[in-house]
Every structure is written in structure tokens, then in C-alpha cells.
Amino acid sequence: MSFLDQLQAAQRQNRSLLCVGLDPEPSRFPEGMKGDPRRIYDFCAAIVEATADLVIAFKPQIAYFAAHRAEDQLERLMAHMRAVAPQVPVILDAKRGDIGSTAEQYAAEAFERYGADAVTLSPFMGFDSVSPYLRYPDKGAFLLCRTSNPGGDDLQSQRLADVPGQPLLYEHVAALAQGPWNLNGQLGLVVGATYPQEIRRVRELAPTVPLLIPGVGAQGGDAVATVRAGWRADAPIVVNSSRAICYASSAADFAAAARREAERTRDVLEAAKQG
Ligand SMILES: O=c1ccn([C@@H]2O[C@H](COP(=O)(O)O)[C@@H](O)[C@H]2O)c(=O)[nH]1
Numbered sequence: 059m060s061f062l063d064q065l066q067a068a069q070r071q072n073r074s075l076l077c078v079g080l081d082p083e084p085s086r087f088p089e090g091m092k093g094d095p096r097r098i099y100d101f102c103a104a105i106v107e108a109t110a111d112l113v114i115a116f117k118p119q120i121a122y123f124a125a126h127r128a129e130d131q132l133e134r135l136m137a138h139m140r141a142v143a144p145q146v147p148v149i150l151d152a153k154r155g156d157i158g159s160t161a162e163q164y165a166a167e168a169f170e171r172y173g174a175d176a177v178t179l180s181p182f183m184g185f186d187s188v189s190p191y192l193r194y195p196d197k198g199a200f201l202l203c204r205t206s207n208p209g210g211d212d213l214q215s216q217r218l219a220d221v222p223g224q225p226l227l228y229e230h231v232a233a234l235a236q237g238p239w240n241l242n243g244q245l246g247l248v249v250g251a252t253y254p255q256e257i258r259r260v261r262e263l264a265p266t267v268p269l270l271i272p273g274v275g276a277q278g279g280d281a282v283a284t285v286r287a288g289w290r291a292d293a294p295i296v297v298n299s300s301r302a303i304c305y306a307s308s309a310a311d312f313a314a315a316a317r318r319e320a321e322r323t324r325d326v327l328e329a330a331k332q333g
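Residue numbers for the sequence shown, in our numbering: 59 to 333.
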């Protein structure tokens with residue numbers, strides 16, 4: 059099944075546009091786990107089990123594992139997600155970008171070592187840095203386009219004088235992902251929920267690619283404006299919230315609290331589709 063089909067199936071089955079982000083930070087774990095990087099798997103597995111029927115995707119951010127030498131726990135977690143939530147695609151947030159030969163290794167890491175269904179990539183080094191990922195026909199790749207952070211403007215909103223129509227850089231990335239770079243329909247785009255106008259513009263330029271939209275929850279992005287700007291019945295949006303869900307409670311009930319916050323966010327996103 060293609061990555062796009064997987065997303066659409068999960069969206070239908072769980073009636074959800076919500077992606078739960080897994081950003082495990084041991085200093086924020088509840089008592090009994092707090093400060094212990096060996097409990098990263100346990101913490102994330104509990105969140106996954108509590109939310110698996112509420113999400114369109116999960117998104118582990120690799121830095122939160124690597125920083126604690128917890129790549130082995132990420133491998134176990136990926137296998138666990140596959141076992142308990144086989145219907146939910148997993149997007150490995152790695153933001154890789156390198157020359158082709160190195161990109162081949164990063165692609166093998168994401169898709170063969172970790173078994174991810176999709177990965178996030180920086181498009182900055184050009185198509186030959188993206189194409190190794192496209193050799194895995196059932197996998198997806200989300201290109202950073204208009205990121206959720208204020209500094210995204212520093213480069214992404216610069217005008218490209220030498221490109222016909224003089225688009226902004228993020229507009230050019232959107233057009234490439236919709237058109238010439240999207241050889242087999244595997245590409246998606248990352249656009250921040252903190253910039254709904256830019257989501258709308260990306261949707262004009264890239265009407266059929268899936269959008270990964272981080273920035274609701276801890277970053278304060280507007281969930282309703284996000285859905286209104288980006289959602290289309292035939293092109294999934296994947297709206298990520300990490301800290302607001304993972305750390306909804308710092309007590310022993312953290313997984314139940316994560317479920318409540320995930321359900322609340324899922325319902326807000328679903329209601330916005332009708333508005
Ligand atoms: O533009 C981007 C791209 C990626 N991210 C990642 O998403 C989550 C957001 O976490 P929250 O706790 O919901 O703020 C995190 O893993 C980022 O690395 C992003 O925020 N913006």
C-alpha cells in the first residue's frame with residue numbers, strides 16, 4: 059500500500075487528522091521514571107497504547123532518542139507501534155538532507171533499520187539529496203517547506219529572482235513537490251500551523267500532496283484555521299501535537315491525560331472540517 063493510501067486509511071478508520079508526536083524528554087517524565095533515559099521506551103509505548111485509536115499518524119522525533127543514546131529504544135518502539143497499531147503510519151522526524159551517497163544511508167536507516175513509513179527531509183541540497191528516499195516505493199517523504207518557527211522566514215520567505223514568477227522559496231518548494239520532484243506521488247510538505255496563510259498558499263500550489271502540520275498545542279498554532287486552510291477531502295493533512303499531549307500530566311496518570319488531550323484535539327480538528 060502506498061504511504062498516501064496508508065494515511066487515507068488511517069484517517070478514515072480513526073476519523074482523525076491528529077498526529078501524536080513522540081518527543082520523550084526524561085526530565086519531564088512522571089515520578090518513578092523522571093530523569094531516567096532507560097524509561098524512554100516505556101513512556102512512549104504508554105502514550106502510543108493510549109492514543110492509537112485517535113490518530114492518523116505517530117511522529118517520533120529522532121533527536122529525542124539519539125540525545126539519550128536511546129536508538130535501541132526507538133527501534134523497539136517502532137516495532138511496538140507496528141504491533142499495537144498496524145493501521146497507523148509512522149513518520150520519522152529526522153529532517154535529513156545530504157549528498158546522494160549519504161542520503162542512501164539515511165534512507166536505509168529510516169526505512170530499513172527503523173521501519174518508518176515516511177521521513178522528514180530538508181530540500182535545501184536539491185533533488186539528488188531527496189531521490190534516494192523515493193527508491194522505496196511504498197514510503198513517503200515530507201519536505202520542509204514553511205516551518206513552524208519564526209526563523210523560518212529568514213530563508214523560506216526570500217524571493218527567488220531567477221525563477222519564473224519570482225516565487226518565495228517556500229512557494230518554489232511547494233511547486234517542486236507537487237510537480238517535477240514528485241515522481242511517484244511519494245512527497246508531502248511540512249508547513250507550520252503557526253502560519254495558516256502560508257498553509258493556504260501552499261495548498262494553492264500543491265493541492266494534492268499530504269501536508270504535515272506541526273505547531274498546534276505547545277507552539278500555539280490555531281487548529282481551526284489550520285484545517286480551514288489546508289484540509290481537502292482528497293489530500294490528507296497530518297496535524298502534529300507533541301508536548302501538549304505527551305506532557306498533559308506530569309503525574310502517574312500521564313497516559314490517560316495524553317488520551318484526553320489527544321481526543322480533545324482530534325475533535326477540534328474534526329469539527330473544523332465541517333466549518
Ligand atoms: O516546522 C516544524 C517542523 C517540525 N517540527 C517538529 O514537530 C514537533 C512539534 O512539537 P510540539 O511540542 O507540538 O511543539 C517537534 O518534534 C518539532 O521538532 C516543528 O515543530 N516545526
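Built from N, CA and C at the ideal position, the CB exists for glycine as well.
- In summary, T266 is exposed, with fewer than 16 beta-carbon neighbours lying within 10 Å of its beta-carbon over all protein chains present.
- Rounded to the nearest angstrom, the gap between the Cα atoms of R204 and Q216 is 11 Å.
- In the structure shown, N240 falls within a coil segment according to DSSP collapsed to helix, strand and coil.
- Straight-line measurement puts the Cα of T178 at about 12 Å from the Cα of Q244.
- P84 is positioned such that its CB atom lies closer than 7 Å to that of D94.
- Distances between the C-beta of P272 and the heavy atoms of ligand 1 include at least one below 6 Å.
- Looking at the backbone, the Cα of T109 and that of D212 are separated by about 36 Å.
- In the DSSP assignment, V249 falls within the beta strand (DSSP E) that extends over L245 to V249.
- The continuous beta strand (DSSP E) containing F200 extends over residues G198 to R204.
- Counting along the chain, the unbroken alpha helix (DSSP H) around G158 starts and ends at G158 to A166.
- When Cβ pairs closer than 8 Å are counted between the two stretches, the segment 278 to 295 is seen to touch the segment 256 to 265, the count reaching three or more.
- A direct Cα-Cα distance of roughly 11 Å separates P195 from S189.
- F101 counts as buried, since no fewer than 16 other beta carbons sit within 10 angstroms of its beta carbon.
- In terms of Cβ geometry, L75 and V297 form a close pair [threshold 7 Å].
- M59 counts as exposed, since fewer than 16 other beta carbons sit within 10 angstroms of its beta carbon.
- Beta-bridge partners of L179 (DSSP): R154 and L201.
- Runs of the alpha helix (DSSP H) spanning 4 or more residues and lying entirely within the segment 206 to 293 occur at 211 to 214, 227 to 236, 254 to 263 and 281 to 288, in chain order.
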